[in-house]
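>
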Amino acid sequence: MMVEIFKDNSNSKKIRSFLSSHYPENLEFYDDLDYKYKRKYHKYISRSNKPLSPNMWYVQQEYNKYEYSFGEIASILNLTKQEVISSYISAMKKLKFLMK
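With UniProt numbering applied, the sequence shown covers 1 to 100.
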């Protein structure tokens, strides 16, 4: 989707126009990103067939930065792995609800 926009139009469409047409609710979030993250997001979009919205991409970047397995988190918090996974899913649902 995005790859076609950038290649077919010779980069004439800016990333903001893509975001305003595909993720208008995330435009403000994108504007608040540091320049470094904007560049990374632009590179990610140009290489991805189905890019994530800026906020979901950022969450993924932060997760990858600290990347602990659910098993490691469970052992640190003295919980079962299933409890950690359930809590994570619940948190992601709440985050998705808040972003709407």
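Backbone N, C-alpha and C fix where the C-beta goes; we use that ideal spot for every residue, glycine too. A quick note: this is a predicted structure, and the numbers were derived from the prediction, not measured.
1) I'd like the list of long-range same chain contacts for ILE15, defined as Cβ closer than 6 Å, with 5 residues on each side in sequence excluded.
2) Going by the beta-carbon positions, is the gap between LEU98 and PRO54 smaller than 8 Å?
3) Since TYR58 and TYR88 should fall inside the 8 Å C-beta cutoff, what is the C-beta to C-beta distance between them, to a whole number of angstroms?
4) Which word fits PRO24, buried or exposed, when buried means at least 16 other C-beta atoms lie within 10 angstroms of its C-beta?
5) Just mark SER86 as buried or exposed, buried being the case when its beta carbon has 16 or more other beta carbons within 10 Å.
6) Based on Cα-Cα distance, which residue from ILE73, TYR63 and ASN26 lies nearest to MET92?
7) Which stretch, first to last residue, makes up the alpha helix (DSSP H) that contains GLU25?
8) Among the candidates LEU52, SER48, ASP31 and LYS40, whose CA atom is the shortest distance from the CA of LYS96?
Put simply:
1) Looking up residue 15 in the sequence shown gives position 15. Only HIS42 meet the Cβ criterion.
2) Position 98 of the sequence shown, counting from 1, holds the residue named residue 98. Position 54 of the sequence shown, counting from 1, holds the residue named residue 54. No; because the gap between Cβ atoms is not below 8 Å, this pair is not in contact.
3) Mapped onto the sequence shown, residue 58 falls at position 58. Mapped onto the sequence shown, residue 88 falls at position 88. Not confirmed; about 17 Å, so no contact.
4) Reading the sequence shown from its first residue, position 24 is the one you call residue 24. Exposed, by the Cβ-count rule.
5) Residue numbering aside, residue 86 sits at position 86 when the sequence shown is read from its first letter. It counts as exposed.
6) Taking the sequence shown and counting its residues from 1, the one referred to as residue 92 is at position 92. Measuring from the Cα of MET92, the nearest candidate turns out to be TYR63.
7) Locating residue 25 in the sequence shown gives position 25, counting from the first residue. Counting along the chain, GLU25 falls outside any alpha helix (DSSP H), and DSSP gives it neither H nor E.
8) Here residue 96 is taken as the residue at index 96 of the sequence shown, counted from 1. When each option's Cα is compared against that of LYS96, the closest is LEU52.
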